[in-house]
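Notes to accompany the following structure.
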Amino acid sequence: MPEIIYLNGKLVSPADAVISIDDRGFLFGDAVYEVVSSYDGRLWALERHMRRLRRSLAAIDLDKVDVDEVRDAVRETYRASEFPAAIVYIQITRGVQPRSHVYTRDLQPTVLITARDASPLRAAVDPDGVSAVTAPDLRWRRCDVKSTNLLPNVLAKTRAHEHGASEAILVDPDGYITEGSSTSVFWVENNRLFVTPAGPEVLPGVTAEFIIEIARDEGIPLLAERVALDRLRRASEIFLTGTITEVCPVVELDGAPVGSGGPGPVTLRLRQGIQARIAAGDDALR
Ligand SMILES: Cc1ncc(COP(=O)(O)O)c(C=O)c1O
Numbered sequence: 013m014p015e016i017i018y019l020n021g022k023l024v025s026p027a028d029a030v031i032s033i034d035d036r037g038f039l040f041g042d043a044v045y046e047v048v049s050s051y052d053g054r055l056w057a058l059e060r061h062m063r064r065l066r067r068s069l070a071a072i073d074l075d076k077v078d079v080d081e082v083r084d085a086v087r088e089t090y091r092a093s094e095f096p097a098a099i100v101y102i103q104i105t106r107g108v109q110p111r112s113h114v115y116t117r118d119l120q121p122t123v124l125i126t127a128r129d130a131s132p133l134r135a136a137v138d139p140d141g142v143s144a145v146t147a148p149d150l151r152w153r154r155c156d157v158k159s160t161n162l163l164p165n166v167l168a169k170t171r172a173h174e175h176g177a178s179e180a181i182l183v184d185p186d187g188y189i190t191e192g193s194s195t196s197v198f199w200v201e202n203n204r205l206f207v208t209p210a211g212p213e214v215l216p217g218v219t220a221e222f223i224i225e226i227a228r229d230e231g232i233p234l235l236a237e238r239v240a241l242d243r244l245r246r247a248s249e250i251f252l253t254g255t256i257t258e259v260c261p262v263v264e265l266d267g268a269p270v271g272s273g274g275p276g277p278v279t280l281r282l283r284q285g286i287q288a289r290i291a292a293g294d295d296a297l298r
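Quick note: the sequence shown uses the numbering used here, first residue 13, plus one each step.
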């Protein structure tokens, strides 16, 4: 199946998807993005992703994008791709301008959308659990913005892979856990579920939002707390969440088993919970 690319209002072939060397996304990472998953021919949680996109655009002072048009373009690209299970990537840059740190307000934003087969990406997530390592969180102080400036994430995740782990769990300069390099982190202590509090240190994950709702619906006690690494090491369960990852148990942290060394009961219950919501198409905004 040919790869479908939407660029600035048109569906084009890869050969015609050309971006200027003066695009600010290329030069400065002056851009935001979203990743949306689809299941059985339906885009999952599109409204929630559009809500976060709107927030990211406002945070980087990019006010010339009509998010309703982006939503339409996402649907059009997804339909054209013909993948029932797709991963749709959306990137919006501030536009094209001769290189200068100072941006002008007349730029036409670049809108890029791709739709790719989700199967290989989903198959790479081991349902039995993965190993994670910890790494210093070297990111900026607005990690709540889904910016394409991902160099610290890219370096941390690649080091993790080189050490045989799937994810790097990031630790801030004060020794507190923030999140994974491309995932949100939850853990369990004494049958209570924990997550790091919302704030500029972490991305407000769409999948994490569902997990929080499911925990509330199911009466699982949930606390948002900043915790130091030594406390995470004592957790009985740790799991990662993300659009591609869904819910993935962490069974080993820095080479030591987490809890029993296998997926824990709270993790499995929440994974079942989100899979049931996906199957029911229950992604309405709350
Ligand atoms: C740093 C970071 N945290 C968390 C997430 C999970 O967010 P979501 O569940 O919206 O995919 C991502 C996803 O890309 C991420 O990059």
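Backbone N, C-alpha and C define an ideal beta-carbon position, used for all residues, glycine too.
The structure presented is a predicted model; accordingly, all values stated were derived computationally and were not measured.
The C-alpha of residue 201 is placed about 14 Å away from the C-alpha of residue 275.
Between residue 282 and the set 261, 51, 292, the nearest pair of CA atoms involves 261.
If the five residues before and after residue 23 are omitted, its C-beta is found closer than 8 Å to the C-beta atoms of 16, 17, 88, 89, 92, all from its own chain and listed in chain order. In the DSSP annotation of this structure, the continuous segment of the beta strand (DSSP E) that includes residue 191 starts and ends at 189 to 192.
Taking the CA atoms as reference points, residue 211 sits about 31 Å from residue 273.
Assigned with DSSP and collapsed to three states, residue 101 falls in strand. With a cutoff of 7 Å, residue 215 counts as near ligand 1, since its C-beta is closer than that to a heavy atom of the ligand.
Annotation for residue 59: 297 place their beta carbon closer than 7 Å to its own, counting only its chain and skipping 5 residues before and after.
Shortest Cα-Cα distance from residue 20 to any of 195, 105, 68, 99 involves 105.
Counting only runs that start and end inside the stretch 57 to 141, the alpha helix (DSSP H) elements of at least 4 residues fall at 58 to 71, 79 to 93, 131 to 135. Non-local beta-carbon contacts of residue 77 in its own chain, meaning distances under 8 Å to residues more than five positions away in sequence, involve 69, 104, 121, 123 in chain order. Following the DSSP letters along the chain, one finds residue 221 inside the alpha helix (DSSP H) bounded by residues 218 to 229. Contact between the stretch 226 to 238 and the stretch 247 to 259 is absent: fewer than 3 CB-CB pairs across the two stretches fall below 8 Å.
With the rule of 3 Cβ pairs closer than 8 Å, the stretch 234 to 252 counts as touching the stretch 181 to 199.
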